[in-house]
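Take a look at the structure below.
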Amino acid sequence: MLYFARWKIVLILVVIVAGFLATLPNFIDKETLEKNWPSWLPSQQLVLGLDLQGGAYLLFEVDKQDYQTKQLENLSSEIRRVLRQSPRIGYTGLAAQADSVQVRIRDTDKISEAEGRLAELVNPLQTSLLGGAPVNEFALDVSSVGLARFTFTEDGLDRRISGIVNQSIEVIRNRIDELGTTEPSIQRQGFDRILVEAPGEDDPERLKRLIGETAQLSFHLVDSRMTGEQALQARPPAGSKVLYSADDPPIPYVIESAAMVEGDDLVDAQTGFDQQTNEPLVTFRFNTSGAQKFGLVTQQNVGRPFAIVLDDHVISAPVIREAILGGSGQISGNFTVEGANDLAILLRAGALPARLNVLEERTVGAGLGADSVEAGKIASLVGAAAVVIFMFAVYGLFGLFANLALFVNVALVFGALSFLGATLTLPGIAGIVLTIGMAVDANVLIFERIKEEMRLGRSAINAIDAGFSRALGTILDANITTLIAAVILFYLGSGPIKGFSVTLAIGIVTTVFSAFTFTRFLVAQWVRMRRPSHIPI
Amino acid sequence: MRLLKIIPDTTNIHFMQHRKWTFPFSVILIVGSLALFLVSGLNLGIDFKGGTLIEFTTKDGPADIPEIRNRLDDLNFGDVQVQEFGAPNEVLVRIERQQGDDQAQQRVVALVKEEFGDTVEYQRTEVVGPRVSGELAQAGTIAVIASLMAVLIYIWFRFEWQFALGAIIALMHDVILTIGMFSVLRLDFSLSSIAAILTIVGYSLNDTVVVYDRIRENLRKYKKKPLAELLDLSINQTLSRTTMTSVTTLLALLSLYFLGGEVLRSFTFAMIWGIIVGTYSSIFIAAPVLILLNLRPGKDTESGGLPPVSSEDKAAAA
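Okay, structure coming up:
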């Protein structure tokens with residue numbers, strides 16, 4: 119136990135030096151690291167969790183219900199369209215329910231023809247290269263009496279939601295990048311959720327506003343056959359609908375359901391100021407096809423008002439004074455500067471394919487984070503000092519060995535955390551402090567065992583040898599069980615708890631190494647130099 | 038060289054004798070904890086119950102808690118808890134989960150911010166919707182049960198089944214008493230409390246395994262020694278290690294408790310409690326329970342008042 123092969127000594131020293139080197143960057147300021155740091159040295163610093171550096175953690179979920187409702191609405195108008203194509207097929211009772219649309223074909227002779235037309239609407243979804251059978255978004259069921267019913271297929275819906283999540287992540291990334299927040303992390307969680315972590319962002323409201331808006335922009339002609347009030351009392355004319363403005367109280371507008379141009383055709387949006395009133399506004403530019411469509415419609419409808427609609431709210435409804443052929447325009451609507459800026463960001467980043475709901479939200483102010491780091495530092499230092507003094511008082515020279523091992527251990531923990539790019543959270547700091555307390559346990563086991571062996575009458579060197587070898591099994595058993603708990607915690611825990619389990623697990627591994635290898639190495643050197651006949655333990 | 042000695046080198050305490058009162062004592066505590074848990078339950082935090090937590094500091098002088106409570110009550114959020122948090126101008130507000138879906142929770146923060154405006158500075162806001170909290174509660178329960186199972190399997194693999202069962206009994210003892218402590222003190226039971234419980238599981242197990250390891254070793258060494266005596270011997274042999282480790286761990290945790298900041302305090306408190314309970318259970322529950330489990334059938338006499346470990350055993354060992 120006390121003999122070390124040369125390669126083993128080298129290996130031990132290499133591990134320790136590597137640990138110290140990996141810890142080193144944490145004591146160097148960022149600027150030096152970037153400019154004057156030798157490239158062969160590790161330069162990765164510990165990543166502080168949101169609870170330590172402040173920031174916002176938001177968990178979103180795709181609003182499946184909202185998506186389904188919208189899809190069914192579209193499907194209804196498609197059904198109307200295909201059945202009205204000449205030769206018309208008579209139908210009645212076209213209605214969307216919670217998760218289906220049904221329609222009754224009046225002409226019983228034409229049921230099979232109607233089925234043929236409707237079958238085109240099942241919306242086959244692109245399958246992946248190896249994806250097997252194609253999947254339709256809807257299942258169509260036509261009964262012999264002519265009742266046709268579309269329902270979502272489970273596979274189709276799953277695939278859709280999955281696509282929506284991926285697309286949304288892209289859109290969210292674009293939007294947050296525009297905010298200039300440092301290194302936001304946006305990732306899928308589970309099947310239909312998106313986790314956004316934005317360090318340094320302590321105004322989650324703005325973040326939520328930016329992400330929560332689907333930002334589906336469209337331009338519609340205002341239907342002048344009826345005023346908003348009239349439409350509310352009766353029914354809006356076929357092909358039109360009532361939407362409200364975002365004013366207080368909201369003003370109803372009757373607009374044509376079909377859009378003149380949609381937000382997909384936008385290529386740019388910027389904030390600007392009205393030259394007369396100096397109010398903030400948003401200017402935008404269409405791509406070629408958008409510019410053509412917009413130009414055509416405005417040319418034909420000079421003098422009529424049109425509505426700019428964002429997420430089912432009318433932002434403004436200006437009158438078309440002349441044909442707008444250049445493909446650019448502006449939106450003014452009582453914006454604040456921040457409001458105009460946010461709208462421009464939303465328009466530039468594109469629309470979310472579906473609404474996202476916030477499920478969980480946690481924000482920590484930067485001040486509290488800094489306080490926590492400070493408190494954690496002090497607590498660790500004081501805790502470590504107490505343990506070190508205590509160990510020295512109880513074990514003397516051997517306590518000193520254990521303390522050196524503890525020092526190496528802490529360096530290894532920090533080194534491993536920095537190297538792995540692990541995130542240090544507040545519970546993670548607790549894990550480190552706990553490791554400091556428990557790290558000496560392995561040494562205590564060894565020392566107590568050595569004492570016992572001495573009492574049994576063994577010689578000093580014999581006792582040390584036996585102490586180490588007999589304690590090994592116990593140390594392994596005791597630490598593996600704790601490691602099991604830490605690993606399970608890592609897999610089942612979330613957020614900060616994960617941080618805790620990571621430090622705990624790393625702490626266990628480094629503890630076994632530093633106690634069993636490094637302390638043993640120190641003791642072996644001491645034995646070789648002093649050839650002791652008595653052990654001062 | 039040696040300045041301090043907490044435990045004499047050789048002790049000879051008849052721990053097994055004490056099981057006459059430690060067993061009933063622990064059973065009473067366990068039954069009490071379970072009863073309390075069933076009757077009044079845990080003071081579940083927003084992680085598991087859903088709701089809103091807001092921590093803020095008042096800008097002009099110490100916070101007027103009753104006034105803040107009144108203003109929040111006027112907003113009709115239902116159950117609202119307001120407490121001082123660490124310093125006189127720091128306030129922690131907990132608002133119960135609002136009726137309705139996840140969106141309903143989102144309005145709370147906005148309304149609170151509207152009410153207090155710029156007079157306070159927000160340190161922390163957490164909003165957990167009903168669905169996430171349900172999932173977190175489930176994951177937490179699974180985590181505790183899964184780790185107990187995994188550990189059971191490991192010990193079973195390494196020791197005889199009586200040890201595995203004994204370790205699990207000791208662990209359940211610690212977990213139940215910790216839950217009881219949360220219940221009695223009405224401490225906020227959150228995700229970090231689950232982490233604390235799992236750490237306690239790890240620590241207590243560590244302790245138990247060290248004692249068991251020694252028992253196993255002694256079982257091989259002293260084939261004829263009565264079990265109670267052998268257990269006493271094993272615990273005495275590991276006593277100074279048990280104490281030392283408890284002390285160093287407690288030193289670190291106490292430093293964290295007093296200096297680590299308010300957010301970690303209940304987490305650390307639970308762990309301190311767990312270390313104490315865990316140490317107690319390794320000595321007074323995990324080891325004596327092996328007698329009940331008939332670890333060495335037939336060879337044991339059911340008695341505590343045996344003569345002290347004789348010198349011939351020592352001679353035999355040497």
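Chains as they are written, first to last, in the numbering used here: chain A, 119 to 655; chain B, 38 to 355. Even for Gly, the Cβ is constructed at its ideal location relative to N, Cα and C. Just so you know, these numbers come straight off a predicted model, no measurement behind them.
| Item | Value |
| --- | --- |
| Alanine 136/A to tyrosine 240/B span [Cα, whole Å] | 29 Å |
| Beta-carbon proximity of phenylalanine 586/A to phenylalanine 516/A, cut-off 8 Å | no |
| Proximal residues, the stretch 454 to 484 of chain A versus chain B, C-beta separation under 9 Å | Asn475, Val476, Leu477, Glu478, Glu479, Arg480, Thr481, Val482, Gly483 |
| Residue range of the alpha helix (DSSP H) that includes arginine 573/A | 544 to 573 |
| Entirely enclosed beta strand (DSSP E) segments - the stretch 279 to 362 of chain A, minimum 3 residues | 303 to 307, 311 to 317, 335 to 339 |
| Local conformation of leucine 224/B per DSSP, three classes | coil |
| CB contact below 8 Å: glutamate 566/A versus chain B | yes |
| Start-to-end residues for the beta strand (DSSP E) that takes in proline 398/A | 398 to 404 |
| Given leucine 185/B as reference, the closest of Ala604/A, Val627/A, Phe634/A once Cα atoms are compared | Ala604/A |
| Chain B contacts from the stretch 566 to 584 of chain A (Cβ-Cβ distance under 9 Å) | Glu566, Arg567, Lys569, Glu570, Arg573, Leu574, Gly575, Arg576 |
| Sufficient close CB pairs (3 or more, under 8 Å) joining the stretch 114 to 124 of chain B to the stretch 61 to 77 of chain B | no |
| Backbone secondary structure at histidine 431/A - three-state DSSP | strand |
| Cβ of leucine 242/B within 8 Å of any chain A Cβ | yes |
| Interface flag, glutamine 274/B vs chain A, CB-CB below 8 Å | yes |
| Chain-ordered residues of the stretch 296 to 314 of chain B with a beta carbon less than 8 Å from chain A | Leu296, Gly297, Gly298, Val300, Leu301, Phe304, Thr305, Met308 |
| For valine 135/A, the three-state DSSP class (helix, strand or coil) | helix |
| Chain-ordered chain A contacts of alanine 124/B [CB-CB under 9 Å] | Neighbours of alanine 124/B on chain A: none; closest Cβ ~10 Å, over 9 Å. |
| Same chain only: Cβ atoms within 7 Å of threonine 592/A, ignoring 5 sequence neighbours per side | Leu563 |
| Histidine 210/B versus alanine 560/A - alpha carbon distance | 25 Å |
| Assigned secondary structure, proline 423/A (DSSP; H/G/I helix, E/B strand, else coil) | strand |
| Asparagine 113/B classed as buried or exposed, judged by whether at least 16 other C-beta atoms fall within 10 angstroms | exposed |
| Environment of glutamate 272/A [buried if 16+ CB atoms lie within 10 Å] | exposed |
| Below-8 Å beta-carbon distance, glutamine 143/B vs any chain A residue | yes |
| Valine 132/A to asparagine 154/A span [Cα, whole Å] | 24 Å |
| Interface partners of glutamine 199/B on chain A, CB under 9 Å | What glutamine 199/B touches in chain A: nothing, since even the nearest Cβ is about 16 Å away. |
| 8 Å Cβ cutoff met for glycine 549/A and leucine 622/A | yes |
| Three-state secondary structure assigned by DSSP to tyrosine 513/A | helix |
| Interfacial residues, the stretch 638 to 651 of chain A to chain B, with Cβ spacing under 7 Å | none |
| Cutoff 8 Å: serine 184/B Cβ touching any chain A Cβ | yes |
| Whole-number beta carbon distance between threonine 628/A and alanine 534/A, since they are thought to touch under 8 Å | 7 Å |
| Euclidean distance between Cα positions of glutamine 417/A and proline 423/A | 13 Å |
| Within chain A, partners of glutamine 140/B - CB distance below 7 Å | Asn475 |
| Within 8 Å, strictly: CB atoms of phenylalanine 677/A and isoleucine 130/A | Look at the range of chain A in this structure, 119 to 655, and you will see that residue 677/A is not part of it. |
| Identified DSSP bridge partners for glutamate 479/A | Leu176/A, Val164/B |
| Residue of Lys188/A, Thr187/A, Leu212/A minimising C-alpha distance to arginine 199/A | Leu212/A |
| Beta-carbon neighbours of glutamine 160/B, restricted to chain A and to distances below 8 Å | Val482, Gly483, Gly485, Leu486 |
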